[in-house]
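Mapping to the numbering used here: the sequence shown position 201 is 204, numbers consecutive. Here a beta-carbon is modelled for each residue, glycine too, at the ideal position from N, C-alpha and C. Only one structure is covered here, and it is reproduced in the block below.
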Amino acid sequence: MAEETEVSAGEEIPENFAGQIARDVMVIFQKQMDPEVAAVESSSYLWEKAGTPEKVPYFVDATELWLESGTSGDKFAALSWNGLVTQSVNNQDYDTFLRMMIKAILDGYYSLQKPDIEYKEKRFSTYTSIFANTFIRMIELNPSSESSTSEIFSILVHDEMDLEARSHAAEEETGSSTIPTDMQKLFDEMIDYLVDRSEFKSDPMAGDEANPNEHIEKLCERLRASRRQVMQEVINERALEKRKKLEMELENQLASAEEIVMVAPQFTDGVGFFVQEKRYNFKYLAVEKIRITLQLLGSITGAVYFLLGFMGVWGVHWIDGIVVCLVMLVFVRIAAARKQFQFFYPTDISKELEECSTAFLNVMRNMSQEQLEQFLVRQIKLERNQKYLTMIPEFMKYLYAIMPDRKSMMISVDELSELVENSEIEVAKQLRGQ
């Protein structure tokens with residue numbers, strides 16, 4: 004016997020509501036001679052009486068009651084389900100009812116609301132039996148109902164795949180799944196059940212005996228085809244959504260035209276500072292050589308006077324030699340000190356270079372290959388950069404070398420290398436006046 008589904012305390016559900024639905028729908032189909040009119044009335048009745056998420060599970064229980072009553076009542080399960088499908092073409096409410104019904108079945112299947120059944124020494128869910136046996140009866144009553152079974156099954160496959168995707172997402176986020184991960188999918192279990200129902204062992208003594216379950220085999224093949232089609236559609240939809248999401252993320256990450264324009268002066272200044280910084284060490288060492296040389300000459304002069312005085316050569320007294328030596332040592336330490344040569348040292352612009360480089364790197368990491376290539380071409384043609392043209396490719400290599408997080412770049416290392424090579428070609432063309 005079907006188990007009545009629990010509802011919230013605020014809902015007033017009549018006692019034996021599933022039985023009432025089953026009885027009233029049977030009366031509708033028995034009173035109406037025209038099957039189409041009966042389908043319209045039964046669908047309208049079901050939407051009015053059970054068209055809410057809380058009440059729609061009772062229609063599933065009513066379907067189970069019809070199937071349990073055998074040939075005297077199982078046809079009403081087929082007629083009511085087929086009526087909902089055919090009438091949903093012209094009435095969106097009935098399509099909504101079908102989807103609520105499938106959601107209720109999936110909830111009941113994964114929460115184990117109904118006990119399993121045994122068929123051919125295999126265990127299946129009661130919901131599998133309800134679905135499959137209703138489909139079989141729909142085909143037996145009218146072979147053209149195959150399209151209706153396919154439509155209902157397609158909704159089931161699509162909704163169950165969505166449920167599984169949400170469960171996986173919740174598991175990744177919270178560490179727990181909303182549905183049991185070890186359970187077979189309902190639509191797969193339905194196929195297995197129909198395969199077992201379609202098996203037929205002919206009696207060798209009876210000769211050529213037709214398979215009475217041939218219609219179940221055809222139904223099974225039709226549902227397999229629907230499953231493949233829906234699964235491919237879902238895969239394509241997810242791939243398209245993922246691609247759109249990636250494109251949106253990429254578009255949001257890409258540097259805007261305004262950012263590129265705003266950072267262009269920092270790049271131009273950075274090239275100039277980079278050239279000066281490369282020449283800094285040479286100029287610094289040149290001044291240092293002169294300063295150290297002067298210190299050495301003064302110290303040597305003092306040492307010579309000390310020796311002359313010590314040996315009494317050329318009339319130099321030893322006291323005069325010591326005085327001159329001390330004076331020369333003090334003089335060169337003061338006169339040739341770094342403080343006295345600060346006007347001759349080159350200006351250290353490493354701080355300014357770092358500021359310009361950092362400002363440009365923050366935008367460069369979000370630039371696409373095309374954006375960066377167009378930016379470099381404009382910089383090469385810029386009049387202010389003409390005296391630093393040959394240093395632009397070197398500056399790009401320097402920027403990559405000091406970039407703190409290279410993996411965050413929108414372009415790969417190979418693409419950047421290609422850009423640098425292309426910039427060298429553009430520089431050569433610009434130098435030749437092409």
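Nearest-angstrom Cα separation, counted from Glu174 out to Val430: On the sequence shown, residue 430 is found 427 positions in, with the first residue counted as 1. On the sequence shown, residue 174 is found 171 positions in, with the first residue counted as 1. The alpha-carbon atoms of Val430 and Glu174 are separated by roughly 54 Å.
Where the alpha helix (DSSP H) containing Glu427 begins and where it ends: As a working note, residue 427 is residue 424 in the sequence shown. Residues Val416 to Leu434.
As assigned by DSSP and simplified to three states, the class of Ser259: Counting from one through the sequence shown, the residue named residue 259 turns up at place 256. Correct three-state label for Ser259: coil.
Rounded separation between Gln279 and Ala242 - CA only: Sequence index remark: in the sequence shown, residue 279 carries index 276 (1-based). Sequence index remark: in the sequence shown, residue 242 carries index 239 (1-based). Taking the straight line from one Cα to the other gives about 51 Å.
CB contact flag (Leu49, Leu101, <8 Å): For the purposes of this step, residue 49 is identified with residue 46 of the sequence shown, where counting begins at 1. For the purposes of this step, residue 101 is identified with residue 98 of the sequence shown, where counting begins at 1. No, the pair does not count as a contact, with Cβ atoms beyond the cut-off.
Coarse secondary structure for Arg368, derived from DSSP in three states: The residue given as residue 368 occupies position 365 in the sequence shown. Coil at Arg368, not helix or strand.
Cross-strand partners of Phe127 (DSSP beta bridge): Position 124 of the sequence shown holds residue 127. Phe127 pairs with Ile120.
For Ile105 and Asp195, believed in contact at Cβ under 8 Å, the rounded distance: Taking the sequence shown and counting its residues from 1, the one referred to as residue 195 is at position 192. Taking the sequence shown and counting its residues from 1, the one referred to as residue 105 is at position 102. Not really, about 19 Å apart at Cβ, beyond 8 Å.
Straight-line Cα distance separating Glu67 from Tyr112: Here residue 112 refers to the residue found at position 109 when the sequence shown is read from its first residue. Here residue 67 refers to the residue found at position 64 when the sequence shown is read from its first residue. Near 14 Å, if we compare the C-alpha coordinates of Glu67 and Tyr112.
Unbroken stretches of the alpha helix (DSSP H), 4 residues or longer, contained in the region 51–91: 59–71 and 77–90
Contact the region 294–301 vs the region 372–389: 3+ CB pairs below 8 Å: no
Burial state of Gln389, where buried means 16 or more other Cβ atoms lie within 10 Å: For the purposes of this step, residue 389 is taken as residue 386 along the sequence shown, with counting starting at 1. So Gln389 counts as exposed.
Test: Lys125 CB closer than 8 Å to a CB of chain B: Looking for chain B here will not work: only one protein chain is present.
Reference Arg227; option with closest CA among Leu197, Ser75, Asn239 and Asp165: Residue 227 sits at position 224 when you count from the first residue of the sequence shown. Of the candidates Leu197, Ser75, Asn239 and Asp165, the one whose C-alpha sits nearest the C-alpha of Arg227 is Leu197.
Contacts around Glu418, its chain only, beta-carbon distance under 8 Å, and the 5 residues preceding and following it disregarded: Within the sequence shown, the letter at position 415 stands for residue 418. Excluding sequence neighbours, Glu418 sits near Gln372.
Minimum C-alpha distance to Asn19 - residue among Lys58, Val40, Phe32 and Ile31: Your numbering for residue 19 matches position 16 in the sequence shown. Of the candidates Lys58, Val40, Phe32 and Ile31, the one whose C-alpha sits nearest the C-alpha of Asn19 is Lys58.
Assigned secondary structure, Glu163 (DSSP; H/G/I helix, E/B strand, else coil): On the sequence shown, position 160 is the one that residue 163 refers to. The answer is helix: DSSP assigns Glu163 an H, G or I state.
Cβ-based neighbour list, Asp77, same chain, cut-off 6 Å, excluding 5 preceding and 5 following: Position 74 of the sequence shown, counting from 1, holds the residue named residue 77. Around Asp77: Trp69, Leu70 and Arg140.
Proximal residues to Leu166 (C-beta, below 7 Å), its chain only, five neighbours per side dropped: Position 163 of the sequence shown holds residue 166. Counting only Cβ-Cβ distances below 7 Å, and skipping sequence neighbours, we find Leu109 and Ile182.
Thr177 burial status per 10 Å Cβ neighbour count (16 or more: buried): Stepping through the sequence shown from its first residue, residue 177 is reached at position 174. So Thr177 ends up on the exposed side.
Exposed unless 16 or more other CB atoms sit within 10 angstroms - verdict on Thr55: Here residue 55 is taken as the residue at index 52 of the sequence shown, counted from 1. Label assigned to Thr55: exposed.
Asp119 versus Ser147, Glu192, Ile155 and Asn214, residue with shortest Cα-Cα distance: The residue given as residue 119 occupies position 116 in the sequence shown. For the residues Ser147, Glu192, Ile155 and Asn214, the minimum Cα distance to Asp119 belongs to Glu192.
Rounded distance between the beta-carbons of Ser148 and Ile142, thought under 8 Å: Counting from 1 along the sequence shown, the entry for residue 142 is found at position 139. Counting from 1 along the sequence shown, the entry for residue 148 is found at position 145. With 8 Å as the limit, Ile142 and Ser148 qualify as a contact, their Cβ atoms being about 6 Å apart.
Which listed residue (Gln187, Ser75, Gln90 and Thr152) has its alpha carbon closest to that of Arg26: Residue 26 sits at position 23 when you count from the first residue of the sequence shown. Out of Gln187, Ser75, Gln90 and Thr152, Ser75 has the C-alpha closest to the C-alpha of Arg26.
Between the CA atoms of Glu15 and Ala21 - distance to the nearest angstrom: Here residue 21 corresponds to residue number 18 of the sequence shown, with the count starting at 1. Here residue 15 corresponds to residue number 12 of the sequence shown, with the count starting at 1. One C-alpha to the other measures close to 14 Å.
Inter-residue spacing [alpha-carbon to alpha-carbon] between Asp37 and Phe156: Locating residue 37 in the sequence shown gives position 34, counting from the first residue. Locating residue 156 in the sequence shown gives position 153, counting from the first residue. Cα-Cα distance, rounded: 27 Å.
Gln116 versus Asp64: straight-line alpha-carbon distance, rounded: In the sequence shown, residue 116 corresponds to position 113, counting from 1. In the sequence shown, residue 64 corresponds to position 61, counting from 1. One C-alpha to the other measures close to 11 Å.
Span separating the alpha-carbon of Arg225 from that of Met406: As a first step, residue 225 is located in the sequence shown; it is residue number 222 there, counting from the start. As a first step, residue 406 is located in the sequence shown; it is residue number 403 there, counting from the start. Cα to Cα, the separation comes out at about 59 Å.
Alpha helix (DSSP H) segment containing Gly111, residue limits: In the sequence shown, the residue the question calls residue 111 occupies position 108. Gln95 to Tyr113 is the span of the alpha helix (DSSP H), which, as asked, contains Gly111.
Distance between Phe127 and Ala135 (C-alpha atoms, nearest Å): As a working mapping, residue 135 is identified with position 132 in the sequence shown. As a working mapping, residue 127 is identified with position 124 in the sequence shown. C-alpha separation (whole angstroms): 11 Å.
Residue span of the alpha helix (DSSP H) that contains Lys34, given as start and end: Taking the first residue of the sequence shown as position 1, residue 34 is located at position 31. Here the alpha helix (DSSP H) through Lys34 covers Phe20 to Lys34.
Range of the contiguous alpha helix (DSSP H) that encloses Met186: If you number the sequence shown from 1, residue 186 lands on position 183. Looking at the DSSP string, Met186 is not in any alpha helix (DSSP H), and its letter there is neither H nor E.
Bounding residues of the alpha helix (DSSP H) (the contiguous stretch that carries Phe398): Looking up residue 398 in the sequence shown gives position 395. Note, Phe398: alpha helix (DSSP H), Ile395 to Ile405.
Met367 burial status per 10 Å Cβ neighbour count (16 or more: buried): To locate residue 367, count along the sequence shown from 1; it is residue 364. By the neighbour-count rule (16 or more Cβ atoms within 10 Å), Met367 is buried.
Simplified DSSP state of Ile182, which is helix, strand or coil: Residue 182 sits at position 179 when you count from the first residue of the sequence shown. Correct three-state label for Ile182: coil.
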